[in-house]
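*Asks:* Each residue of the sequence shown is one higher than the last, beginning at 65 in this note's numbering.
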Amino acid sequence: MTAVIAICAMVTLAVLIYVFYLPGTLVQGPLNTRLSYLRERKDAVYENLRDLNFEFRAGKFPEEDYQSMKTSLEDEAAAILAEMARIQESSQRQAGAKV
65 MTAVIAICAM
75 VTLAVLIYVF
85 YLPGTLVQGP
95 LNTRLSYLRE
105 RKDAVYENLR
115 DLNFEFRAGK
125 FPEEDYQSMK
135 TSLEDEAAAI
145 LAEMARIQES
155 SQRQAGAKV
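1) In chain order, what residues of the same chain have a beta carbon less than 6 Å from the beta carbon of TYR130, not counting five sequence neighbours either side?
2) Should ILE144 go down as buried or exposed, given a rule of 16 or more other Cβ atoms within 10 Å for buried?
3) Just to confirm the assignment, what range does the alpha helix (DSSP H) spanning THR76 have?
4) Less than 8 Å separating the beta-carbons of LEU102 and GLU138?
5) Could you give the distance in angstroms between the alpha-carbon of ASN112 and the alpha-carbon of ARG98?
6) Between which two residues does the alpha helix (DSSP H) holding ALA122 run?
7) How big is the Cα-Cα spacing for LEU86 and PRO94?
8) Measure the CB-CB distance between TYR110 and ALA141 and report whether it falls below 8 Å.
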């Protein structure tokens, strides 16, 4: 009986060490900036617009729903592009000021 308890304790200890042990060095992924996030979001919005156009041509949406969704996606894309331009302009001004 004590052998079973000892084996259970060793297995429990091994599982806890396996789960909670942190290696000496942790590898982080690439640093995401606001601009990279906006690029990903822009790509997603453009893909949604392409899908919307395809589904409208396939007859899945009535004209009024299509127009409202299209306008919404186009507005979102315009806002994303404007923010991207603002960030790029700001970073260029900062780079020019450092020189």
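By construction, the Cβ of each residue, glycine as well, lies at the ideal position given by its N, Cα and C atoms.
*Replies:* Let's see:
1) PHE120
2) buried
3) 66-84
4) no
5) 21 Å
6) Here ALA122 belongs to no alpha helix (DSSP H), and DSSP marks it neither H nor E.
7) 20 Å
8) yes
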